[in-house]
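Colleague:
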Amino acid sequence: MLINDPGRRIREAVSAMEPSLVAIRRDLHAHPELAFEETRTAGVVAAELARLAIPHRTGLGRTGVVGVIEGGRPGPTLAIRADMDALPIHEDTGLPYASTVAGKMHACGHDIHTTTLLGVAAVLRDMAPQLAGRVLLVFQPAEEILEGAGAMIADGAAEGIDLALGFHNHPDMKVGTFGFARGACLAASDRFDLIVRGKSGHAAHPYAAIDPIVAAASFVAQAQTVVSREIKPLHPAVVTIAQFTGGTTYNIIPERVHLRGTVRTLHAAARDTAEVAIRRLVAGLETTMRVACTLDYQRKVPPLVNDDRVLEPTMAAVRAQFGEVVEEGEASMGSEDFAEFAARAPSFQLRIGSGAEGRDDRLHNDKYQPDERCIGLGVQALSRAALELLS
1 MLINDPGRRI REAVSAMEPS LVAIRRDLHA HPELAFEETR TAGVVAAELA RLAIPHRTGL
61 GRTGVVGVIE GGRPGPTLAI RADMDALPIH EDTGLPYAST VAGKMHACGH DIHTTTLLGV
121 AAVLRDMAPQ LAGRVLLVFQ PAEEILEGAG AMIADGAAEG IDLALGFHNH PDMKVGTFGF
181 ARGACLAASD RFDLIVRGKS GHAAHPYAAI DPIVAAASFV AQAQTVVSRE IKPLHPAVVT
241 IAQFTGGTTY NIIPERVHLR GTVRTLHAAA RDTAEVAIRR LVAGLETTMR VACTLDYQRK
301 VPPLVNDDRV LEPTMAAVRA QFGEVVEEGE ASMGSEDFAE FAARAPSFQL RIGSGAEGRD
361 DRLHNDKYQP DERCIGLGVQ ALSRAALELL S
C-alpha cells in the first residue's frame, strides 16, 4: 500500500473494521446510560483503547475518557471529541438491538459518535508516524445536560489543545453527505427557573387572594416580546417557556407557580439583552401583580463558533476523501457543549449525514434509526481531516 495514498489506506482500514464497529455501536445502543452515569460505556471505550495500545486516562469529568496518540513529528495538539450519554426516552423502534433499559435510549446518536471516534483511534494509531503533532481522543459524558464538557475541562481535558474537531450525525441529511455552517453554528443556551409566589385562597373569592397563575401567565406573554421587540431582527433568538406548574385542583388558587424556560442566541449582544429583559420583566411582575418572585437565571454554554482555520482544511480533507458530497448549511438554535472546547481553541463541528433511505428521522425521537453506514464514513472523514490538520 502506498504511504502517499492516504485516501485508499483509510478506506481499506475502515472497510476491515466496519463490522466490529457496528457491533460496538449496537452493544452501546442496547445499554444506554444517562448523563454522568456512563460507567459501562466508558469501560467499553477504555477496553478498546487498551486493546489498541493507546495510552488513556479515565474518570475525567467523572465518567470521561481521554486517549492520546503521539505523532511522528512535533506539531500542534488536535482534540477530537465524541459524546457518550443517552436520553430519558423510551425506545419504540422494535430493533433487535433496541435499548434494554426502560425509559432510556440513544435517541441522539451518541452511541454512533462514541463508536466513530473509536474507529478514528484505530486508523490514526496506525498512521501516527505521518502525524505532525498529537491527537487527544476525548470521550465526553453529559452533553445532553450541557455539563460534561465543562466537567472534563475542569479536570484538565483541554490543557494544551491547539485545535479541536467535533462532529454530529444528522438524520436530516442523506447518509454519505457531510455539512458545515460558517461562524456561529449552534446557539448559546441559557435557562431559568422562576418561582412566582402569591397568596392562596378560594377560587370563588380571588379578591381575597393573590393569584400567581395570572401573574405567571402575564410573564409568559410578556416574555415573547423580548425577541420581537428588544433583539435586533437579524440576530436570531428564542425564548421558550417549557414548563408551567402550579395548583392542585379546580377551586383553589395556589400559593406558588413554577416556570422553567430556555433562551437561545447566536450573538453576545442578543444574549445580554435577553437576560436583562427577563430580569426586568420579573421585577415588574412583582410591582404590577403583587407577587413575590425568585428568578434563577443560568448561563449554560456559549455559541458554538466554527473557525475557518479548522473548517477549511477539514472540508478540503472530506472532499479529497469522498468528492463533492459537502453541503453548506445554516446555523441552528440547538446547543452543544462542544462550544466549551471551541471557546478555548480554534474548532469546527462536522455534520455527518445519517439519514436512512425511506425514513424521515429526527433527533430526540423514540423511533430514531440512523443509517449505520455513517459510522465508517465518519471515521474516514475525521481521520483524513486529522491527517490534513496535522500534516
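Numbering (the UniProt record's numbering), first residue to last: 1 to 391.
Don't be surprised by glycine CBs; every beta carbon is placed ideally from N, CA and C.
As the structure is a computational prediction, the values presented were derived from the model and not from experiment.
(1) Three or more beta-carbon pairs under 8 Å between the segment 138-152 and the segment 73-90, yes or no?
(2) Check whether the segment 161-181 and the segment 351-361 are in contact - that is, three or more C-beta pairs closer than 8 Å.
(3) Skipping 5 residues on each side, what residues in its chain have a beta carbon closer than 6 Å to that of Gly334?
(4) So which of Thr177, Pro141, Pro88 and His202 has the shortest CA-CA distance to Gly323?
(5) DSSP state of Met1, grouped into three classes?
(6) Judging by CA-CA distance, which residue of Tyr368, Asp155 and Ala242 is the nearest neighbour of Val138?
(7) Taking all protein chains shown into account, decide if Met1 is buried (16 or more other Cβ within 10 angstroms of its Cβ) or exposed.
(8) For the alpha helix (DSSP H) that Asp27 lies in, which residues bound it at each end?
(9) With burial defined as no fewer than 16 other Cβ atoms inside 10 Å of the residue's Cβ, what is the status of Pro74: buried or exposed?
(10) For Met127, name the three-state secondary structure that DSSP assigns.
(11) With DSSP collapsed to three states, give me the class of Leu234.
(12) Less than 7 Å between the beta carbons of Gly71 and Ala128, yes or no?
(13) Can you name, in chain order, every residue of its own chain whose Cβ lies under 8 Å from the Cβ of Ile54, other than the five neighbours on each side?
(14) Arg191 and Thr262: beta carbons closer than 7 Å?
(15) Would you check if the distance between the CB atom of Ala188 and the CB atom of His364 is smaller than 7 Å?
(16) Please state whether DSSP places residue 463 in a helix, a strand or coil.
(17) Please name the residue in Leu118, Leu377 and Ile252 whose C-alpha comes closest to that of Glu48.
Modeller: Working from what's here:
(1) Segment contact: the segment 138-152 against the segment 73-90, three or more CB-CB distances shorter than 8 Å; contact assigned.
(2) In this structure the segment 161-181 lies against the segment 351-361, because at least three pairs of beta carbons, one per stretch, are closer than 8 Å.
(3) Sequence-distant partners of Gly334 (beyond 5 residues in either direction) whose C-beta falls short of 6 Å from its own C-beta, in its chain, are Leu186.
(4) The shortest C-alpha separation from Gly323 is found at Thr177.
(5) Low per-residue confidence applies at Met1: pLDDT is 35, beneath 50, and the placement is therefore not dependable, though the value from the model is reported in the following sentence. DSSP places Met1 outside both helix and strand once states are collapsed to three, so it counts as coil.
(6) Nearest of Tyr368, Asp155 and Ala242 to Val138, Cα basis: Asp155.
(7) In this predicted model, Met1 has a pLDDT of only 35, less than 50, meaning its place in the structure is not dependable; the value taken from the coordinates is given anyway. Classification for Met1: exposed.
(8) In this chain, the alpha helix (DSSP H) harbouring Asp27 covers Pro6 to Ala30.
(9) Classified as exposed, Pro74 has fewer than 16 neighbouring CB atoms from the shown chains inside 10 Å of its CB.
(10) In the structure shown, Met127 sits in coil (DSSP, three-state: anything other than H, G, I, E or B).
(11) Coil at Leu234, not helix or strand.
(12) When the beta-carbon positions are compared, Gly71 and Ala128 come within less than 7 Å of each other.
(13) The beta carbon of Ile54 sits closer than 8 Å to the beta carbons of Gly67, Val68, Ile69, Ala121, Arg125 and Leu137 from its chain, once the five residues preceding and following it are set aside; these are given in chain order.
(14) Their beta carbons are under 7 Å apart, which means Arg191 touches Thr262 by this criterion.
(15) No, the pair does not count as a contact, with Cβ atoms beyond the cut-off.
(16) Nothing about residue 463 can be reported from this structure: the residues present for the chain run from 1 to 391 only.
(17) Of the listed residues, the one whose Cα sits closest to Glu48 is Leu118.
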